Amino acid sequence: MDEIRYREFALRADCQRDPEGLAALDRLGWDTFRLKLRAWYETGCWQEGTRALTLFREREAVSSLFASPMELSWQGRQIPAVQIGGVMTAPPFRGQGCSRRLMEQVLALYPKRFVFLYANDTVRAVYPRFGFEECPEYERQMPVAPKPGTLRRIDPRQERALLEELYRAGNPWAALSFRENPEVFLFNCFHGWAEDLWLWEEAGVLGAVRWEGPRMYCGELLGASVPLGDALAAFARPETRAARLGFAAAAPAGAPVLRQEKDTTLFIRPAGVNPFASDKLCLSPLGWT
5 MDEIRYREFA
15 LRADCQRDPE
25 GLAALDRLGW
35 DTFRLKLRAW
45 YETGCWQEGT
55 RALTLFRERE
65 AVSSLFASPM
75 ELSWQGRQIP
85 AVQIGGVMTA
95 PPFRGQGCSR
105 RLMEQVLALY
115 PKRFVFLYAN
125 DTVRAVYPRF
135 GFEECPEYER
145 QMPVAPKPGT
155 LRRIDPRQER
165 ALLEELYRAG
175 NPWAALSFRE
185 NPEVFLFNCF
195 HGWAEDLWLW
205 EEAGVLGAVR
215 WEGPRMYCGE
225 LLGASVPLGD
235 ALAAFARPET
245 RAARLGFAAA
255 APAGAPVLRQ
265 EKDTTLFIRP
275 AGVNPFASDK
285 LCLSPLGWT
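Last residue of the sequence shown: 293 (the numbering used here), numbering continuous.
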């Protein structure tokens with residue numbers, strides 16, 4: 005995509021490929037969300053799978069978003085999708101239509117894909133103007149009988165290849181899962197989940213797990229197919245009695261419970277198939293930003 009002018013701004017795609025553009029985008033990400041975008045790029049985790057659309061005023065990045073094409077696997081079907089994330093504008097430039105211009109551009113790039121994003125409460129009124137609709141999510145909760153396995157914490161800085169291999173293996177227990185774009189998954193492995201990645205060594209299963217007293221939160225499971233109850237039992241601690249599943253586990257994996265995340269709402273813009281129309285689903289926190 006060639007550079008596009010918008011008022012006094014220049015819209016550039018994939019500025020991370022240019023050292024000066026990457027530095028400017030890194031400053032915007034850090035100042036807005038404390039994101040280390042340069043590190044994501046320079047470690048090789050951000051490659052061709054995620055597009056950055058950025059508005060510049062001269063050499064300053066003032067507004068940006070990321071578009072990550074991927075596939076959603078649901079009921080044996082592969083649904084072309086794109087996730088929009090990292091929507092950010094520097095404070096002096098808010099209210100000038102910068103994010104609106106970027107959103108119009110990204111939707112024009114992917115007119116036939118299922119588009120989704122997460123929004124905080126301050127901008128929930130914005131996205132319906134672009135054809136998005138709020139979408140409730142449902143997690144499942146299951147009782148657990150602990151049978152702890154041998155767990156080894158995964159360091160994403162040292163074992164990125166293993167993480168990519170397990171991502172490709174997928175989540176065999178999920179009714180809805182991400183495919184064909186490991187970059188967002190790796191971003192979350194390096195950021196919010198870096199201390200919570202565990203390998204059940206006997207089975208070769210990766211769990212993104214946090215323990216909360218008698219309950220554990222399982223954001224994702226990837227790897228070999230074993231009974232779901234066995235996998236949860238292996239990641240449980242002796243005091244664990246129940247597991248909350250952050251991915252869309254297939255029935256009969258417990259009753260669906262409305263996800264209640266503070267200041268985080270899923271918006272979708274279906275194009276054809278809409279898995280959320282008929283099933284009570286959620287998206288794994290390791291698959292979106």
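Idealized CB from N, CA, C, for every residue including glycine. Given the structure is predicted, the values throughout are model-derived calculations rather than measurements.
Measuring CA to CA, which of the options is closest to residue i?
{"i": "A238", "options": "G250, P260 and G211", "result": "G211"}
{"i": "Y45", "options": "F37, T36 and R55", "result": "R55"}
{"i": "D22", "options": "T58, E224, Q109 and G227", "result": "T58"}
{"i": "S72", "options": "L225, P279, A247 and E187", "result": "E187"}
{"i": "P260", "options": "R133, Q100 and A247", "result": "A247"}
{"i": "L32", "options": "G48, S67 and A17", "result": "S67"}
{"i": "R104", "options": "R117, N124 and P132", "result": "P132"}
{"i": "A341", "options": "G258, M92, F136 and A228", "result": "Given that the chain is displayed from residue 5 to residue 293, the structure contains no residue 341 and the question cannot be resolved."}
{"i": "R310", "options": "F251, A253, L236 and A252", "result": "One cannot answer for residue 310 here, as it falls past the ends of the chain, which runs 5 to 293."}
{"i": "P95", "options": "E169, G276, L190 and F37", "result": "F37"}
{"i": "R157", "options": "W197, F134, N192 and F189", "result": "W197"}
{"i": "Y171", "options": "C193, L155, Q162 and P152", "result": "C193"}
{"i": "A257", "options": "R263, A17, A275 and P231", "result": "P231"}
{"i": "F70", "options": "P84, G90, R63 and Q79", "result": "G90"}
{"i": "A129", "options": "F251, G25, G153 and F271", "result": "F271"}
{"i": "G153", "options": "K116, D234 and D200", "result": "D234"}
{"i": "E12", "options": "F60, L41, Q51 and K116", "result": "F60"}
{"i": "W50", "options": "M92, E265 and F189", "result": "F189"}
Since I believe residue j is in contact with residue i (beta carbons under 8 Å), could you give me their beta-carbon distance rounded to a whole number of angstroms?
{"i": "P160", "j": "L167", "result": "6 Å"}
{"i": "V119", "j": "I88", "result": "6 Å"}
{"i": "A14", "j": "A65", "result": "Actually they are not in contact, since the Cβ atoms of A14 and A65 sit about 10 Å apart, beyond 8 Å."}
Taking all protein chains shown into account, decide if residue i is buried (16 or more other Cβ within 10 angstroms of its Cβ) or exposed.
{"i": "S282", "result": "exposed"}
{"i": "A178", "result": "buried"}
{"i": "D35", "result": "exposed"}
{"i": "E143", "result": "buried"}
{"i": "R81", "result": "exposed"}
{"i": "D30", "result": "buried"}
{"i": "E141", "result": "buried"}
{"i": "G48", "result": "exposed"}
{"i": "F136", "result": "buried"}
{"i": "A165", "result": "exposed"}
{"i": "Q20", "result": "buried"}
{"i": "L39", "result": "buried"}
{"i": "T293", "result": "buried"}
Would you list the one or two residues that DSSP bridges to residue i?
{"i": "M107", "result": "M107 pairs with nothing; no bridge assigned."}
{"i": "I88", "result": "A71 and L121"}
{"i": "V209", "result": "W204 and G227"}
{"i": "S181", "result": "S77"}
{"i": "F277", "result": "Strictly speaking, residue 277 in this sequence is Val, with Phe absent from that position. Bridge partners of V277: A275."}
{"i": "Q264", "result": "Partner(s): none; Q264 has no beta bridge."}
{"i": "A56", "result": "F70"}
{"i": "P152", "result": "Partner(s): none; P152 has no beta bridge."}
{"i": "W50", "result": "DSSP lists no partner for W50."}
{"i": "T269", "result": "A123"}
Against chain D, with Cβ distances strictly below 8 Å, would residue i count as a contact?
{"i": "K116", "result": "Annotation note: the requested chain D is absent from the structure, which comprises a single protein chain."}
_Under 8 Å, with one C-beta from each stretch per pair, do the region 179–193 and the region 271–290 reach the 3-pair mark?_
Touching, yes.
*Say whether the region 64–81 touches the region 206–225, bearing in mind that this needs 3 or more beta-carbon pairs closer than 8 Å, one atom from each stretch.*
No: the two stretches stay apart, fewer than three of their Cβ pairs being nearer than 8 Å.
*Does the region 230–247 come within contact of the region 140–151, defined as at least 3 CB pairs closer than 8 Å?*
They touch, by the three-pair rule.
*Okay, do the region 212–227 and the region 106–113 touch, 3+ Cβ pairs below 8 Å being the bar?*
The region 212–227 and the region 106–113 do not touch, with fewer than 3 CB-CB distances between them shorter than 8 Å.
*Okay, do the region 223–230 and the region 114–125 touch, 3+ Cβ pairs below 8 Å being the bar?*
No, the region 223–230 does not touch the region 114–125.
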